[in-house]
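Chains as they are written, first to last, in this note's numbering: chain G, 1 to 238; chain V, 1 to 238.
Idealized CB from N, CA, C, for every residue including glycine.
Number of protein chains: 2
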Amino acid sequence: MREVLAQAAFQLFLERGFERTTVDDIVARAGVGRRSFFRYFPSKEDAVFPDHESCLAEMTEFLSAVDDGDPVGAVCDAARIVLRMYADNPEFSVQRYRLTREVPGLRTYELSVVRRYEQTLAGHLRNRFGEGGDGALRAEVIAASVVAAHNNGLRLWLRSGGEGDPEVAVDHALALVREVWGSPSAPVAPAAATPAPAAPFPASGGGGGEDEVIVMVARKGTPMWRVVQQIEAAVAEN
Amino acid sequence: MREVLAQAAFQLFLERGFERTTVDDIVARAGVGRRSFFRYFPSKEDAVFPDHESCLAEMTEFLSAVDDGDPVGAVCDAARIVLRMYADNPEFSVQRYRLTREVPGLRTYELSVVRRYEQTLAGHLRNRFGEGGDGALRAEVIAASVVAAHNNGLRLWLRSGGEGDPEVAVDHALALVREVWGSPSAPVAPAAATPAPAAPFPASGGGGGEDEVIVMVARKGTPMWRVVQQIEAAVAEN
DNA sequence: GAGATTATGGCACTCAGTACCCTCTGTAAA
DNA sequence: TTTACAGAGGGTACTGAGTGCCATAATCTC
Numbered sequence: 001m002r003e004v005l006a007q008a009a010f011q012l013f014l015e016r017g018f019e020r021t022t023v024d025d026i027v028a029r030a031g032v033g034r035r036s037f038f039r040y041f042p043s044k045e046d047a048v049f050p051d052h053e054s055c056l057a058e059m060t061e062f063l064s065a066v067d068d069g070d071p072v073g074a075v076c077d078a079a080r081i082v083l084r085m086y087a088d089n090p091e092f093s094v095q096r097y098r099l100t101r102e103v104p105g106l107r108t109y110e111l112s113v114v115r116r117y118e119q120t121l122a123g124h125l126r127n128r129f130g131e132g133g134d135g136a137l138r139a140e141v142i143a144a145s146v147v148a149a150h151n152n153g154l155r156l157w158l159r160s161g162g163e164g165d166p167e168v169a170v171d172h173a174l175a176l177v178r179e180v181w182g183s184p185s186a187p188v189a190p191a192a193a194t195p196a197p198a199a200p201f202p203a204s205g206g207g208g209g210e211d212e213v214i215v216m217v218a219r220k221g222t223p224m225w226r227v228v229q230q231i232e233a234a235v236a237e238n
Numbered sequence: 001m002r003e004v005l006a007q008a009a010f011q012l013f014l015e016r017g018f019e020r021t022t023v024d025d026i027v028a029r030a031g032v033g034r035r036s037f038f039r040y041f042p043s044k045e046d047a048v049f050p051d052h053e054s055c056l057a058e059m060t061e062f063l064s065a066v067d068d069g070d071p072v073g074a075v076c077d078a079a080r081i082v083l084r085m086y087a088d089n090p091e092f093s094v095q096r097y098r099l100t101r102e103v104p105g106l107r108t109y110e111l112s113v114v115r116r117y118e119q120t121l122a123g124h125l126r127n128r129f130g131e132g133g134d135g136a137l138r139a140e141v142i143a144a145s146v147v148a149a150h151n152n153g154l155r156l157w158l159r160s161g162g163e164g165d166p167e168v169a170v171d172h173a174l175a176l177v178r179e180v181w182g183s184p185s186a187p188v189a190p191a192a193a194t195p196a197p198a199a200p201f202p203a204s205g206g207g208g209g210e211d212e213v214i215v216m217v218a219r220k221g222t223p224m225w226r227v228v229q230q231i232e233a234a235v236a237e238n
């Protein structure tokens with residue numbers, strides 16, 4: 001049932017867009033009552049990320065099982081669980097990525113999901129480091145670093161359309177974190193296989209909205225570079 | 001007007017809680033029409049964070065002005081701008097913190113705000129590091145570290161009830177990040193996409209008076225609240 | 001003061017999300 | 001077979017956020 005609803009929802013989101021799809025549309029396609037949708041998903045957004053809850057549980061279980069002397073390494077391995085979930089369904093992951101990028105509500109929702117992963121990792125590190133001194137601080141900073149590195153590698157793969165193996169990019173990214181924060185027992189071989197992404201700020205045609213108008217706010221004496229920056233910021237709203 | 005609405009809203013949120021307060025309640029207390037609320041705030045959540053937009057603008061301006069050889073240090077200083085905003089209103093900050101902790105919707109909203117700061121910092125670092133190689137990766141990881149460290153120190157102060165100076169905790173936290181990610185050897189930005197600061201047309205502009213011009217960036221269908229936010233952000237840059 | 005522009009209020013609407021109650025279906029006991 | 005019960009799903013009506021449209025008042029321009 002959950003599966004049926006999630007699939008119907010995702011199809012419709014791809015066809016008409018997230019915001020132009022109502023819950024009534026979804027339940028109509030799924031052939032169930034409207035009330036049933038909210039029995040399985042607390043909100044419309046949740047239907048887009050039906051698998052994160054179990055992934056989070058898997059990560060928690062993994063972390064409670066590991067018992068090595070390298071907490072940073074363990075946390076990196078935990079992050080790879082998430083990666084695997086994405087890699088298991090390349091097509092779905094890429095489609096969802098594109099959908100999420102252009103729907104502010106989904107972006108925000110995703111942030112809250114990522115935050116929960118991050119807090120899980122931080123909690124594990126805090127246990128290992130101890131609360132006192134800078135334990136909590138280090139735990140949070142390292143967890144944030146790991147998540148950022150993981151997401152950087154993952155996004156690279158998603159933007160490429162899900163071609164190839166995302167593990168290489170993520171491994172490379174996590175290696176950087178381990179190099180810096182890790183304990184001395186971090187066997188890492190930085191191979192020169194770093195994929196080079198294209199320029200992120202195509203000054204024109206950033207998204208494709210044709211009939212957009214950009215107006216610009218500036219003071220009389222505003223230097224040119226600031227104007228450029230503001231326009232970039234406006235365009236980069238994606 | 002914005003101020004009146006924000007204050008009325010915050011009062012009510014403290015009295016009855018966020019979710020038990022409707023927009024009608026807010027506009028009733030503020031003595032304005034319901035429609036006006038949404039002219040100044042895109043959502044109920046925004047009324048809780050009325051100052052982040054201008055703070056983000058301030059940070060952007062700061063980063064575009066610094067031109068030193070220590071990008072990580074610059075980004076840490078940029079984070080301190082946010083801290084100062086909180087420290088300027090200890091009572092409000094602490095009340096808002098408590099409110100935010102116990103309202104999931106506000107927590108999620110705050111995440112999206114924090115994310116924008118992080119992206120601003122990452123963008124600056126990316127410009128300095130260059131896109132190629134691990135530039136983007138390092139930029140994102142360092143930005144995440146700085147944000148995590150900053151927030152760790154800030155939360156310490158907020159949880160203490162806003163007593164004393166939050167700068168010490170944040171400075172300590174940021175020092176840890178700087179220690180680790182500290183100034184890269186010397187490969188200062190190889191003049192990639194860094195816009196050369198072209199000479200601003202009028203030489204003056206600092207002490208300027210009333211004859212300012214405000215230009216505004218917006219899309220065709222931009223709602224009023226967004227325009228207001230941007231203008232407020234621009235005006236607050238003094 | 002005529003005409004245009006802007007700010008605000010009012011009204012009606014869509015839609016997400018919730019509360020409450022209904023109907024089925026299956027099962028087990030009498 | 002009837003009755004009792006339980007649980008999954010369906011239906012209806014409601015609240016409240018957010019939006020579009022139009023009317024009105026204030027302000028600005030000529």
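Beta-carbon contacts of residue i that lie in its chain and below 8 Å, excluding the five residues immediately before and after
i: V299/G; result: What the structure shows of chain G is the stretch from 1 to 238, and residue 299/G is not part of that stretch, so it cannot be assessed.
i: L156/V; result: P166 and A169
i: V75/V; result: L63, L121, H124, L125, I142, A143 and V146
i: Q11/V; result: R29
i: E19/V; result: V103 and G105
i: T60/G; result: T120
i: L83/V; result: H150, G153, L154, P166, E167 and V170
Contacts around residue i, its chain only, beta-carbon distance under 6 Å, and the 5 residues preceding and following it disregarded
i: A139/G; result: A122, L125, R126 and F129
i: F41/G; result: A47
i: A79/V; result: V146 and H150
i: E212/V; result: Here the model assigns E212/V a pLDDT of 45, short of 50, so the residue's position is not dependable, and the following value carries that caveat. Answer for E212/V: no residue qualifies.
i: K220/V; result: At K220/V the pLDDT is 47, less than 50, meaning the model places this residue with poor confidence; the figure from the coordinates comes in the next sentence. Correct list: empty, nothing qualifies.
i: D25/V; result: L12
i: H52/G; result: V113
i: A87/G; result: P166
i: D171/G; result: none
i: E15/V; result: none
i: Y97/G; result: L158
i: A9/G; result: I26 and A47
7 Å CB neighbourhood of residue i in its chain, flanking five on each side removed
i: A173/G; result: A149, H150, N152 and G153
i: G208/G; result: Since pLDDT at G208/G reaches only 35, below the 50 mark, its modelled position is unreliable, and no value is offered.
i: P90/V; result: G162
i: K44/V; result: V23
i: M85/V; result: D51 and C55
i: T21/V; result: L12 and F13
Residue from the options with nearest C-alpha to residue i
i: R29/G; options: E19/G, F13/G, S43/G and P166/G; result: F13/G
i: G135/V; options: L176/G, T60/G, L56/G and E58/G; result: L176/G
i: T100/V; options: E3/V, G17/V and A6/V; result: G17/V
i: G33/V; options: Y86/V, L5/V and R178/V; result: L5/V
i: S54/G; options: M1/G, Q7/G and R116/G; result: R116/G
i: R178/V; options: A8/V, E3/V, G31/V and D77/V; result: D77/V
i: F240/G; options: M1/G, T60/G and E61/G; result: Residue 240/G lies beyond the range of chain G shown here (1 to 238); nothing can be said about it.
CB contact flag (residue i, residue j, <8 Å)
i: T108/G; j: L56/G; result: no
i: L106/G; j: S112/V; result: no
i: S36/G; j: V27/G; result: yes
For residue j and residue i, believed in contact at Cβ under 8 Å, the rounded distance
i: G164/V; j: V72/V; result: In fact, because the Cβ distance is near 27 Å, the residues do not count as touching under 8 Å.
i: E58/G; j: I81/G; result: 6 Å
i: V66/V; j: V180/G; result: Going by Cβ atoms, the distance from V66/V to V180/G rounds to 24 Å, so no, they are not a contact pair.
Requested in this report: Could you run through the region 99-125 of chain G and flag, in chain order, every residue whose CB is less than 7 Å away from some CB of chain V?
Outcome: Residues passing the 7 Å Cβ filter: T108, L111, S112 and R115.
Query raised in the report: Which residues, taken in chain order from the region 133-151 of chain G, show a beta carbon closer than 8 Å to some beta carbon of chain V?
Result: Here the close residues are D134, A136, L137, R138, E140, V141, A143, A144, S145, V147, A148, A149 and N151.
Requested in this report: Closer than 8 Å, Cβ to Cβ, to anything on chain G: give me those residues from the region 3-16 of chain V, in chain order.
Outcome: Under the 8 Å Cβ criterion, the region 3-16 of chain V contributes no residue.
Report task. Check distances from the C-beta atoms of the region 42-70 of chain V to those of chain G and list, in chain order, the residues that come in under 8 Å. Result -> Taking 8 Å as the upper bound on Cβ-Cβ separation, chain G lies near residues T60, E61 and S64 of the region 42-70 of chain V.
Report task. Determine which residues of the region 153-177 of chain G have a Cβ less than 7 Å from any Cβ of chain V, and write them out in chain order. Result -> For the region 153-177 of chain G, which is checked against every Cβ of chain V, the residues closer than 7 Å are A173, L176 and V177.
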